Each structure stands twice: as C-alpha cells, then as structure tokens.
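Asks: With the working numbering, letter number 66 in the sequence shown gets 81, and the count goes up by one each step, no holes.
Got a structure for you, questions after.
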Amino acid sequence: MANIGEDKTYAGITADEGFKLALEVFPLTGFEIWKTRPIGWLIIANRQTHSGVVNATVAFRPGGETAMTISLTSDASPEDEIRKCAEEFLRAFEQRLQSS
C-alpha cells in the first residue's frame, strides 16, 4: 500500500472557502467525491488510475493561516502515481485560488 501526505497553509482564505474550492477542484482533476463533512471541512474522494483506485482525503483547519492536509493512499497504484494525483490537485487548487 502506497500513501503520501502533505500539509499546506494559505493566508487570506477561511477553512470554509478552502473547503468549497476543493469541492470544485476534485472533479476537475479526475476525482469523484465520495463523502463530505462540511462541519469538519473534510472531503473524501476517489480517482481511477491505470493501476487502480487512489483514495484522497482533504481536511482544512482554521487559524491565522488556514491549513490544508491532503492524504492519498492506494492498494494498487505505486507512490509516483499517487504523488502525480496529489500534484495535479494542488496545482489546480492553487491556480483557482490565485484567480479568485
């Protein structure tokens, strides 16, 4: 089982704004949203790759700078493939954040 995780911080947005933006970005990057927990700013999504399913969890934490944790796991996909999925999501998230 391969897994990766990354923590990012974003000044100027709230946890709620980050959560809503992630809801827009997941489908744009090939993920299907499986479950959301708006009160906890949590999203669980899945993406089919050539090797298998990649499971992603994104959570936001409020504070001086809003913190986002993204974790991806897969029973079948190698680490480089799930890292690529994470990079695609983060790139799209940050591009949309800058354009808003």
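Virtual Cβ for every residue (Gly too), placed ideally from N, Cα, C.
Here the structure is a predicted model, which is why all the values come from computation and not from measurement.
I need the DSSP call for D90, collapsed to helix, strand or coil.
Replies: Indexing the sequence shown from 1 puts residue 90 at position 75. DSSP places D90 in coil when its eight states are reduced to three.
Asks: According to DSSP, is E39 helix, strand or coil?
Replies: Start at 1 with the first residue of the sequence shown, and residue 39 comes out as number 24. Of the three classes helix, strand and coil, the one that applies to E39 here is helix, per DSSP.
Asks: Give the range of the beta strand (DSSP E) segment to which A60 is assigned.
Replies: Position 45 of the sequence shown, counted from the start, is the residue given in the question as residue 60. Start and end: L57 to Q63.
Asks: When you compare only the Cα positions, how much space is there between S66 and C100?
Replies: If you number the sequence shown from 1, residue 66 lands on position 51. If you number the sequence shown from 1, residue 100 lands on position 85. Near 12 Å, if we compare the C-alpha coordinates of C100 and S66.
Asks: Between which residues of its own chain and T29 is the CB-CB distance below 8 Å, once the five residues before and five after are set aside?
Replies: Numbered from 1 along the sequence shown, position 14 holds the residue referred to as residue 29. Counting only Cβ-Cβ distances below 8 Å, and skipping sequence neighbours, we find P77 and T81.
Asks: Identify whether G33 lies in helix, strand or coil by the three-state DSSP scheme.
Replies: Sequence index remark: in the sequence shown, residue 33 carries index 18 (1-based). G33: helix per DSSP, three-state reduction.
Asks: Going by DSSP, what residues sit across from K50 in a beta bridge?
Replies: Against the sequence shown, residue 50 aligns to sequence position 35. Answer is I59.
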